[in-house]
Structure formats: structure tokens, C-alpha cells
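2 protein chains.
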Amino acid sequence: MNLSHIEHIGIAVNNIEEAKTFFEDVLGLKCYAVEEVKDQKVKTAFFKIGQTKIELLEATSDESPVAKFIAKKGQGIHHIAFATDDVNKSLKEAEEKGIKLIDKQARKGAENLNIGFLHPKSTFGVLTELCGK
Amino acid sequence: MNLSHIEHIGIAVNNIEEAKTFFEDVLGLKCYAVEEVKDQKVKTAFFKIGQTKIELLEATSDESPVAKFIAKKGQGIHHIAFATDDVNKSLKEAEEKGIKLIDKQARKGAENLNIGFLHPKSTFGVLTELCGK
Numbered sequence: 106m107n108l109s110h111i112e113h114i115g116i117a118v119n120n121i122e123e124a125k126t127f128f129e130d131v132l133g134l135k136c137y138a139v140e141e142v143k144d145q146k147v148k149t150a151f152f153k154i155g156q157t158k159i160e161l162l163e164a165t166s167d168e169s170p171v172a173k174f175i176a177k178k179g180q181g182i183h184h185i186a187f188a189t190d191d192v193n194k195s196l197k198e199a200e201e202k203g204i205k206l207i208d209k210q211a212r213k214g215a216e217n218l219n220i221g222f223l224h225p226k227s228t229f230g231v232l233t234e235l236c237g238k
Numbered sequence: 106m107n108l109s110h111i112e113h114i115g116i117a118v119n120n121i122e123e124a125k126t127f128f129e130d131v132l133g134l135k136c137y138a139v140e141e142v143k144d145q146k147v148k149t150a151f152f153k154i155g156q157t158k159i160e161l162l163e164a165t166s167d168e169s170p171v172a173k174f175i176a177k178k179g180q181g182i183h184h185i186a187f188a189t190d191d192v193n194k195s196l197k198e199a200e201e202k203g204i205k206l207i208d209k210q211a212r213k214g215a216e217n218l219n220i221g222f223l224h225p226k227s228t229f230g231v232l233t234e235l236c237g238k
């Protein structure tokens, strides 16, 4: 699999406005975008640091995977997204190597990127996203 | 705080040798170092992707913070480390802004880097490390 860098790190929070203060006022990062991803029932806020984005995730419904994550594990780091030039090819390659997929095909995520998730049961508990244009 | 990039992402696993197969055989990363950090009662394995390292953490004792993390939350993403040019200065700055610290002073971590942790109770559940030379 040809992965170039960590595209983003997803962080599940109860309230983006409250959590933003830590990333802005303490760490000194700048929030450059806030976006709702209706498909995943989340509101997102983005910060950039080096090659990588920090993506805060706030559930917009109790049915959101982010709400379920927080109910089970509390607020915190939710997933890692690796940058790939071809999400569908990378998903297929992972499946051929015995990895269980959440997404069999790439779908659209925040910032209009193609995304696909591997199942954490196959990845030692790390919810792993593959992400590309 | 003057942070340049994500220095590494720490991932708590039960067994480094088993988890390595996912990062090497599926994601195509290369493990370039394995090191024991006795102070923290962990064995570590490092992979590089872009500016960032993936640090697998395996507890070498039931008293290890990594063993306690896994007992509570299961295997998965454990912490994010941000690169700073001055860990002590950054810790002090965080404390002055009301952040609870795990480390009041920088100490030596893996790869002989200076490290210091912020307490996840102050950082929306994100165990945050500041890391530098």
C-alpha cells in the first residue's frame, strides 16, 4: 500500500466550541474550517499542523458513530487517516490481506475527500481510515 | 506554543510482534527500531510515515500505564505527541493556561527525546505529549 503521510487524526469530543479552546488557546493551532458531514451525523472542525490535520468530531445525533464511541470510551482520539493516492485500490489490497472492511467502496467524507475505513477488529483496535482525492 | 508537526502517534497493543504485521504487511510501513523504555515499563516499535512516527507500545509489566490503558479501553490509539523546540517551556505555557500536567518537567523518553505529558482531564480526553530534542 502506498501511503505518504498521516492525513488527519480524528478526535471525538462532546462539544467542538469547548474543545477548540484547547487546540487554539493552548496548542496555538488555528481552526480553518467547520463543516457538517450529514452522512456520518457529525460536525467537524479542522486544524493544520505540518502535513497533518486535526479533525474534531462532534455528534449531531445519538445515532452517530461518534456518539456511540464517546458513550463507550469517553472523549478522545477516535481514528487515524492515512493519505493514499487511490482509496479503492488500498481498500481492496487490505481486504485481500485478510483485513475486515467497514467500507467496501470509497465514499465522500469531510473536505470532499474519498474515504474508506478498516474495521478496528482487524487493526489492533486502531480505527484506520484511508483517505485521498 | 510553537508546535511544528505531529512527532508521533502512540498505539497501545498487547503484543508488538503480532501488531507489527498489520503496519508492515498491510500498510506497507517499515519498522526501523525496537526499544525498551524501562522508566515507563514499555517495549516500543517505531515506523515512519511522512513527518510522523507510529510508536507501538507493549507493556512489560502489569503496572505499566499502557497495561492500565488497555485494561480500561482496549488496544488502540494511546496518545498524540506534538513536536516542540522546548518541552519545558511548552509545559510551563500549558500550565499557565490552566492545563493539568502529568509531567511538571521534561524527562527522557524513547529515542532519547525530551518528553512531557499533559493530563487528558484537561485536554478533552486526548493524552497529549510534547516532544523535542
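Chains as they are written, first to last, in the numbering used here: chain H, 106 to 238; chain D, 106 to 238. Cβ coordinates follow ideal geometry from the N, Cα and C atoms, glycine included.
query: Helix or strand or just coil, what does DSSP make of Ile-204 (chain D)?; result: coil
query: Does chain H have any CB closer than 8 Å to the CB of Ala-211 (chain D)?; result: no
query: Among H:Leu-161, H:Ile-220, H:Ile-207, which has the Cα closest to the Cα of Leu-175 (chain H)?; result: Correcting the residue identity first, residue 175 (chain H) is Ile in this sequence and not Leu. It is H:Leu-161 whose Cα lies nearest to the Cα of Ile-175 (chain H).
query: Within its chain, find whatever has a CB closer than 6 Å to the CB of Asp-208 (chain D); leave out the 5 residues flanking it on each side and keep chain order.; result: Gly-221, Phe-222
query: Mapping the DSSP letters down to three states, classify Phe-174 (chain H) as helix, strand or coil.; result: helix
query: Quick one: what does DSSP say Val-192 (chain H) is sitting in, helix, strand or coil?; result: helix
query: Are the C-beta atoms of Asn-107 (chain D) and some chain H residue less than 8 Å apart?; result: yes
query: Compare the C-beta of His-110 (chain H) against all C-beta atoms of chain D and say whether one is closer than 8 Å.; result: yes
query: To which residues of the same chain is Asp-191 (chain H) closer than 7 Å at the C-beta, ignoring the five residues directly before and after it?; result: Gly-237
query: Among the candidates H:Thr-228, H:Leu-232, H:Leu-132, whose CA atom is the shortest distance from the CA of Val-128 (chain D)?; result: In the sequence on display, residue 128 (chain D) carries Phe and not Val. Ranking the options by Cα distance to Phe-128 (chain D), first place goes to H:Thr-228.
query: With a CB to CB cut of under 8 Å and the five nearest residues on each side skipped, what residues in its chain are close to Ser-166 (chain H)?; result: Lys-146, Ala-172
query: Ala-138 (chain H): which of H:His-224, H:Pro-225, H:Glu-216, H:Gly-179 sits nearest, CA to CA?; result: H:Glu-216
query: Would you verify that the beta carbon of Asp-130 (chain H) is, or is not, closer than 8 Å to some beta carbon of chain D?; result: yes
query: Any C-beta of chain H sitting closer than 8 Å to the C-beta of Lys-178 (chain D)?; result: yes
query: Using a cut-off of 8 Å between C-beta atoms, extract the partners of Pro-225 (chain D) located in chain H.; result: Gly-181
query: Kindly identify the DSSP beta-bridge partner or partners of His-184 (chain H).; result: H:Gly-115
query: Can you tell me where the alpha helix (DSSP H) with Thr-126 (chain H) in it begins and where it stops?; result: 121–126
query: Can you tell me whether DSSP reads Glu-129 (chain H) as helix, strand or coil?; result: helix
query: Suppose you measure from the CA of His-110 (chain H) to the CA of Lys-158 (chain D); what does that come to, to the nearest Å?; result: 10 Å
query: Quick one: list the residues of chain H neighbouring Gln-245 (chain D), beta-carbon separation under 9 Å, in chain order.; result: Outside the modelled stretch of chain D, which goes from 106 to 238, sits residue 245 (chain D), for which no answer is possible.
query: What whole-angstrom Cβ distance do Ile-185 (chain H) and Ile-121 (chain D) have, given they're in contact under 8 Å?; result: That pair is no contact at about 18 Å.
query: So what's Ala-138 (chain D) in DSSP terms, helix, strand or just coil?; result: strand
query: For Ser-280 (chain H), which option in H:Glu-112, H:Asn-119, H:Ala-150 has the closest C-alpha, if you only look at C-alpha atoms?; result: Examination of residue 280 (chain H) is not possible in this model, given that chain H is present from 106 through 238 alone.
query: For Lys-205 (chain D), collect the residues of the same chain with a Cβ closer than 8 Å to its Cβ; drop the 5 residues on either side in sequence, then sort them by chain order.; result: Leu-223, His-224, Lys-226, Ser-227
query: How big is the Cα-Cα spacing for Glu-140 (chain H) and Gly-115 (chain D)?; result: 28 Å
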